[in-house]
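In the working numbering, the protein residues as written are 57 to 283. Ideal placement from N, C-alpha and C gives every residue a C-beta, glycine not left out.
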């Protein structure tokens with residue numbers, strides 16, 4: 057890691073990493089990424105160039121076992137990698153309409169999401185993140201105790217506009233606690249659930265591929281409490 061340059065992006069969360077090609081990084085150094093995720097919650101790793109599916113999976117497996125999404129179709133090459141595409145004539149955007157925490161409906165919830173941008177719009181393309189652990193820390197003790205007893209129910213079909221892909225799945229509901237333990241340190245955050253399995257939670261892979269022209273899709277998250 058001595059040749060890596062880590063630049064914090066903002067006080068609540070985020071860091072940019074320069075001087076590393078993840079596809080050529082050995083497993084020992086990839087393991088050090090977890091420490092940076094614990095510290096900064098969101099990492100932007102620049103200058104990766106060509107990034108194969110095998111590279112993508114190897115990087116993800118340094119954090120834990122890949123997660124296979126039960127509702128959304130994966131790419132043919134690997135069952136844990138989702139492709140986000142917006143064609144020029146598409147009027148709907150995948151995600152980006154409200155704050156969310158990826159794969160928080162499972163037990164244990166996914167530890168993090170990994171995004172790789174293949175093609176981005178020259179305008180927009182932003183993905184926004186919030187430090188929900190910091191949000192929880194700043195609540196009063198009384199409010200922390202109150203929200204720690206709350207649960208949330210996920211129902212895809214009750215969203216205002218149901219994507220075509222979601223219509224092909226049967227209706228499913230899942231309920232989890234609103235407060236979650238961090239994936240490696242059991243620090244509590246919003247939203248999610250505190251899990252005894254948190255140290256080996258599963259990464260959720262995602263290709264982010266908005267297609268020019270038009271606004272891009274900004275979806276995805278890294279880590280819990282990143283969002």
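Please work out which residues of its chain come closer than 7 Å, Cβ to Cβ, to residue 200, disregarding the five sequence neighbours upstream and downstream, and give them in chain order.
192
In chain order, what are the residue ranges of uninterrupted beta strand (DSSP E) at least 3 long that sit wholly in the region 64-147?
Listed in chain order, the complete beta strand (DSSP E) runs (minimum 3 residues) inside the region 64-147 are 71-74, 99-101 and 137-142.
Is the beta carbon of residue 71 sitting closer than 8 Å to the one on residue 96?
yes
Does residue 62 come out as helix, strand or coil in the three-state DSSP assignment?
strand
Can you round the beta-carbon distance between residue 208 and residue 234 to whole angstroms, since I take them to be within the 8 Å contact cut?
5 Å
Quick test of the definition: if touching needs 3 or more C-beta pairs under 8 Å, does the region 112-121 touch the region 80-93?
yes
Going by beta-carbon coordinates alone, are residue 104 and residue 78 separated by less than 8 Å?
yes
From this set, 205, 203, 172 and 206, which residue's C-alpha is nearest residue 106's C-alpha?
172
Taking a contact to mean a Cβ-Cβ separation below 8 Å, would you say residue 109 touches residue 125 in this structure?
Residue 109 is not a Cβ neighbour of residue 125, given a cutoff of 8 Å.
Between which two residues does the beta strand (DSSP E) carrying residue 234 extend?
Element bounds for residue 234: n/a, residue is neither H nor E.
Are any of the Cβ atoms in chain D nearer than 8 Å to that of residue 124?
Although the question refers to chain D, the structure presented lacks it and comprises just one protein chain.
Inter-residue Cα distance where the pair is residue 76 and residue 102:
8 Å
When the distance is taken between beta carbons, is residue 69 closer than 8 Å to residue 93?
no
Could you give the distance in angstroms between the alpha-carbon of residue 123 and the alpha-carbon of residue 166?
Rounded to the nearest angstrom, the gap between the Cα atoms of residue 123 and residue 166 is 7 Å.
Check whether the Cβ atoms of residue 169 and residue 158 lie closer than 8 Å to each other.
yes
Return the residue from the list 210, 62, 140 and 60 that minimises the CA-CA distance to residue 162.
210
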